[in-house]
Every structure is written in C-alpha cells, then in structure tokens.
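Colleague: Numbering (mature numbering (1 follows the signal peptide of the UniProt record, and there is no 0)), first residue to last: -24 to -1, 1 to 515. Glycine included, C-beta positions come from ideal geometry on N, C-alpha and C. For reference, the structure I am asking about is given below.
Below is the structure:
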C-alpha cells in the first residue's frame, strides 16, 4: 500500500495479509443499527478448536499487559499520513470513526449514533453524546468537521484517494451533535469508506499543538503513551472510553518483520498475539499453549500485464496466458487451504460478487488464442515478483504452465522497496501485486483503483485504459446500493475478465496465532485488528 487509500498492497502487507451498505435509494432512510448489506458473511478458512489454558504458561505474566506483534513498523503517527498497514495498525487503538464494520462485515454506526443519506452528494450524521477524547474534551460537530477538513488538505496525500472527494467547503453543523458532509460529486459508496483510518475523528484542540503529528489523540479505547522506532508503540487504557473499560490495562504493539522471529516470539510468550503464515499453522495446531484464528480478507492477488508493451498490448495474447494458468490449482498448492481462489476483482466476501464467474483454465483454448494473437514465441518474457516466498512459488508454477503453451519466461525477484517502484514503471512484462482495502465489503475500491485510467501509474499499474470501463466506474460510484449498482458492478467484473489486464489468483486470509490465555480475540478481515474487548486470563 502506498500513496493512496489502502489500495495497492505492498509485498510486506501481502505477506502480512497471508499471515495474519449504504443508504437506500430514493427516500431518506435513517440508519441506527447495522444497515442492510448483501456482503457475504465469512467463516474461518483455517479452523482450530480453542485449547484450554495451561496455567503454568502464564506464571509471572502481567495479567493486564497485552502484547501484539506486527509484521512491520509504522512511518507515521498521523492519521492523515497513514498510507500503509503498519501505520493503520498502530493508530487503530487510539482512533475511531463515525461508522465501522463489525465482525460480520456489516457497516454499523460508531461515533455516530445514526446516519442517513440526504441526497446524492450529502450525508447527515447524528453524533453520540458524551464521547470523550483522550485529552478530556467532549467530541462535538466542530471536531468532526476539523478532522475531515484536515484529511482533505495537500498534507493528506496518503488518504487523498477517498478524502479528496469530500467538498472541504460543504460541511454544515446544525448543532453540536449533527454534521452534514457533502461530496464533490455523487458518490454512493462514500459511506463504505468512512471506517477508513483517514476518516478518524480527532480533537480540534489537541491538534492545534505542534506535537499532534507525533502524539495522536482520538476517542479510542487506548491512549497513546510512547513510540520507539523499530521497538514498540505503547498505550494505556483510556479510563473515560465511551464504550466501556477495555480488556487490558496496557497495550504494546511490537514490529517483528521476520516471520520466523515473529513466530518464535509467540511460541516463547514474548508476545500474546501475532500474525503468522500457513507454514506455522501445523506448529500451532500441535502446541497446547497456542490457539489459531483466521478470516478471509477482501485483498486479492493478481498477475498483471503491461497492457502498453508488446505483446501484452494484444488482448488475445493476454487471454491466452489467462487460459493457460490453473489459478485454483496454484492457490490450493501454494496456500494449502489458507487462501481461496477469486475469479475477479470483487472477492466472495464483498457485495455484488459475480457468482457466475468460473475458472478459465483450458490449455487447448490457450494454444488457440496464442495462434490467433500472431505473437512470435521466440522471445523470453519476464515475471517479476517481490522476494516473498509465496509469490516466488506462484511464479514458478506459472512459469511451468506457460511453458505448456510455448511461452518462455524468466522470474525476476526484487526487494520490497524496489519492487514497489518497479510496479509503477514502464519497463515490465508480467508482475504480481495485491489490491484491496482489507476488510471493506463495498467493492468500489477493488474495481475503481486498479482499473480507472486516471489512476495510472500509481494505482492502475497495468496501464489499462478503456473509455467504456471509465464510464462504468464513474457511474457505479455515483449510484446508491441497489439492483442498478449491483448489475453494473457485475458487468464490470465480466468486462475485466474479457479484457484481461490481469489474471486473478487468491483472496488472502488473515491467520493469527494467540496464547490460550487471551480471551475475546478473533481474527477480522482487516489487518488492523480491534482489541477493545481482548483480555488476558492469567489466574
């Protein structure tokens, strides 16, 4: 993830993901509970019955200090700069939003007690009364307006993908507990993005201080205490939290990028909760001190084509490669049940998933399409990937399968930082990437970001440019949830399978290991987990 909303997922975030709606059309309809949604509920992909606590395990353990491992370290403590998963993860205990997704993927009011769509560009939020910031101030409409305006400034480039669509002059506060937000254009899926960290509500008074960007102040269950680069972020329970006392007295998030080191920290009890990979699942299953929880995300992996470079500018050649790859077989082989194949950009966990889509794998059809494309198979093409082992494993199988239709390839491996820059460049053939705002049931981010021509090159890294697709994407954004938007998003999925700027592989799964004495924890679709109700039973 870089530069924009949680969109293109970096190699590190992909590794983490593998380890670890809206108002009705027509009349104004208030939402005071979870609004209706057609997003599918999800179940654990990797299941393990919780084990009993081994009390010898917790001897000497502070019964109120929750320690969580993260797969990476943050580069910022400011919500308007939170452009990667590590930043979101360390800010989530402190920050909250007007609405959020619950464990079933339903959008529910949070700091807002209710909300409704007034027209195609306006939303009204009724605020909860008595909500305190961690500096002691009560949350008011002025704080909400300040927070959102701040996220629309040039300094907020990392959250501009969504927040830039808010009209900075379109706010209204009829009273201290009512806010009207207007967007620059009709934007039906606006509310689906409001749980994003860039839409956090902060104290206007606190953020007048020059220390605000290094000392976050929000309404969350934990109060920020200290950040040590590369070592930890520490928090303490916020005693005036509106949602009740959090489960632990203190919370520590420790960055441990190396997968082996992270599992060792979990195994030895250095940390209580840690994202793991499929390679550690068997060890956790055989360890009486550890439990396991998993949840499918809305992130999907693609093998992308540079659609502006021959022969990948030839749609028949791209289709040939798509038909030559056994995507479900690759997912099954590489991930051993910890991921699921997704046939397009909208994952099975999201609204308006195209249930009619099926795998294309057909070697004879692939060979026929190569012949029809007229491409000379005398050249060797490059498959680029990060140094993630799962990506390398996928690339190796794809290399073998493309050889079956006469397409010769080499595999190029790069460090994560270099690879992120490589993806936006023009000198590429085929390359892996991941996409998705993890945990967002609304499909807009999955289709708009990587397909809209205006997103070239930062988000649309295939350089796919189709006026008809642009028109469809703009239209789906403007529509409220309902049959018309559903049909349009299904049409987008079908068109992209025909145009083939990429071939989709797996829908990733968060797999998280935790100590048996950790109570109230279950993996969620998002990398940034919620720890409000997580506690430690050590006596």
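So, helix, strand or coil for residue 483, using DSSP?
Modeller: strand
Colleague: Below 6 Å CB to CB, which residues in the same chain sit around residue 97 once its five sequence neighbours on both sides are set aside?
Modeller: 158, 159 and 162
Colleague: Does the beta-carbon distance from residue 443 to residue 400 come in below 8 Å?
Modeller: no
Colleague: Is there contact between the stretch 114 to 133 and the stretch 376 to 385, where contact requires at least three CB pairs shorter than 8 Å?
Modeller: no
Colleague: Going by the CB atoms, is the gap between residue 271 and residue 494 shorter than 8 Å?
Modeller: no
Colleague: Of all the alpha helix (DSSP H) runs that stay within the bounds of the stretch 394 to 469, which reach a length of 4 or more residues?
Modeller: 420 to 427 and 443 to 454
Colleague: For residue 348, count neighbouring C-beta atoms within 10 Å of its own C-beta (all shown protein chains included) and say buried if the count is 16 or more, exposed if not.
Modeller: Burial is judged here by how many other beta carbons sit within 10 angstroms of a residue's own beta carbon; residue 348 has fewer than 16 and is exposed.
Colleague: With three or more C-beta pairs closer than 8 Å as the rule, is the stretch 298 to 306 touching the stretch 256 to 272?
Modeller: no
Colleague: Taking just the CA atoms, how far does residue 290 sit from residue 296?
Modeller: 10 Å
Colleague: Can you tell me whether residue 519 is buried or exposed? The criterion is at least 16 other CB atoms within 10 Å of its CB, across all chains shown.
Modeller: Here the chain comprises residues numbered -24 to 515, so residue 519 is not present and cannot be evaluated.
Colleague: How about the stretch 139 to 156 and the stretch 211 to 230: do they share at least three Cβ pairs that are nearer than 8 Å?
Modeller: no
Colleague: If you run the structure through DSSP and keep just helix, strand and coil, what is residue 46?
Modeller: strand
Colleague: Check for me: the alpha helix (DSSP H) holding residue 304 runs from which residue to which?
Modeller: 303 to 311
Colleague: Spell out a yes or no on whether the stretch 272 to 288 and the stretch 246 to 254 are touching, meaning 3 or more CB-CB pairs, one atom from each, closer than 8 Å.
Modeller: Between the stretch 272 to 288 and the stretch 246 to 254, the count of C-beta pairs closer than 8 Å stays below three; the two stretches do not touch.
Colleague: Residue range of the beta strand (DSSP E) that residue 173 falls in?
Modeller: Element bounds for residue 173: n/a, residue is neither H nor E.
Colleague: So residue 109 and residue 194 are supposed to be a Cβ contact under 8 Å. How far apart are they, rounded?
Modeller: 7 Å
Colleague: In terms of residue numbering, what span does the alpha helix (DSSP H) encompassing residue 125 cover?
Modeller: 117 to 126
Colleague: With distance defined between alpha-carbon atoms, name the residue in 438, 185, 367 and 424 nearest to residue 450.
Modeller: 424
Colleague: Give me, in chain order, the residues of the same chain whose beta-carbon lies closer than 7 Å to that of residue 113; leave out the 5 immediate sequence neighbours on both sides.
Modeller: Excluding sequence neighbours, residue 113 sits near 179 and 181.
Colleague: Span of the alpha helix (DSSP H) holding residue 157?
Modeller: That residue, residue 157, is in no alpha helix (DSSP H); its beta strand (DSSP E) goes 154 to 158.
Colleague: At the level of alpha carbons, what is the spacing between residue 456 and residue 78?
Modeller: 21 Å
Colleague: Give the range of the alpha helix (DSSP H) segment to which residue 378 is assigned.
Modeller: 365 to 379
Colleague: Should residue 287 go down as buried or exposed, given a rule of 16 or more other Cβ atoms within 10 Å for buried?
Modeller: buried
Colleague: Drop a sphere of 10 angstroms on the beta-carbon of residue 320, count the other beta-carbons inside from all chains shown, and report buried for 16 or more, exposed for fewer.
Modeller: buried
Colleague: Just to confirm before moving on: does the CB-CB distance between residue 477 and residue 440 stay below 8 Å?
Modeller: Inclusion of residue 477 and residue 440 in the CB contact set at 8 Å is warranted, their separation being smaller than that value.
Colleague: Work out the CA separation of residue 513 and residue 490 for me, nearest whole Å.
Modeller: 13 Å
Colleague: Can you check DSSP and say which residues form a bridge with residue 362?
Modeller: 390
Colleague: Ignoring anything shorter than 3 residues, give me the beta strand (DSSP E) runs that lie fully in the stretch 218 to 278, in order along the chain.
Modeller: Runs of the beta strand (DSSP E) spanning 3 or more residues and lying entirely within the stretch 218 to 278 occur at 226 to 231 and 249 to 251, in chain order.
Colleague: Using a threshold of 8 Å, state whether the C-beta atoms of residue 410 and residue 276 are closer than that.
Modeller: yes
Colleague: Using CA coordinates, which residue listed in 107, 50 and 421 is at the minimum distance from residue 189?
Modeller: 50
Colleague: Spatial neighbours of residue 232 within its chain, please: CB distance less than 8 Å, with the 5 preceding and 5 following residues excluded, ordered by chain position.
Modeller: 45, 46, 47, 238, 241, 247 and 250
Colleague: Can you tell me whether residue 473 is buried or exposed? The criterion is at least 16 other CB atoms within 10 Å of its CB, across all chains shown.
Modeller: buried
Colleague: Beta-carbon within less than 7 Å of residue 496's beta-carbon, same chain only, minus the 5 sequence neighbours each way: which residues are those?
Modeller: 223, 509, 510 and 511
Colleague: Assess, as a yes-or-no matter, whether the stretch 323 to 332 is touched by the stretch 463 to 472 under the definition of 3 or more beta carbon pairs within less than 8 Å.
Modeller: Yes: at least three Cβ pairs fall under 8 Å.
Colleague: Distance, Cα to Cα, residue 88 vs residue 68?
Modeller: 17 Å
Colleague: Can you pull the DSSP bridge partners for residue 88?
Modeller: 103
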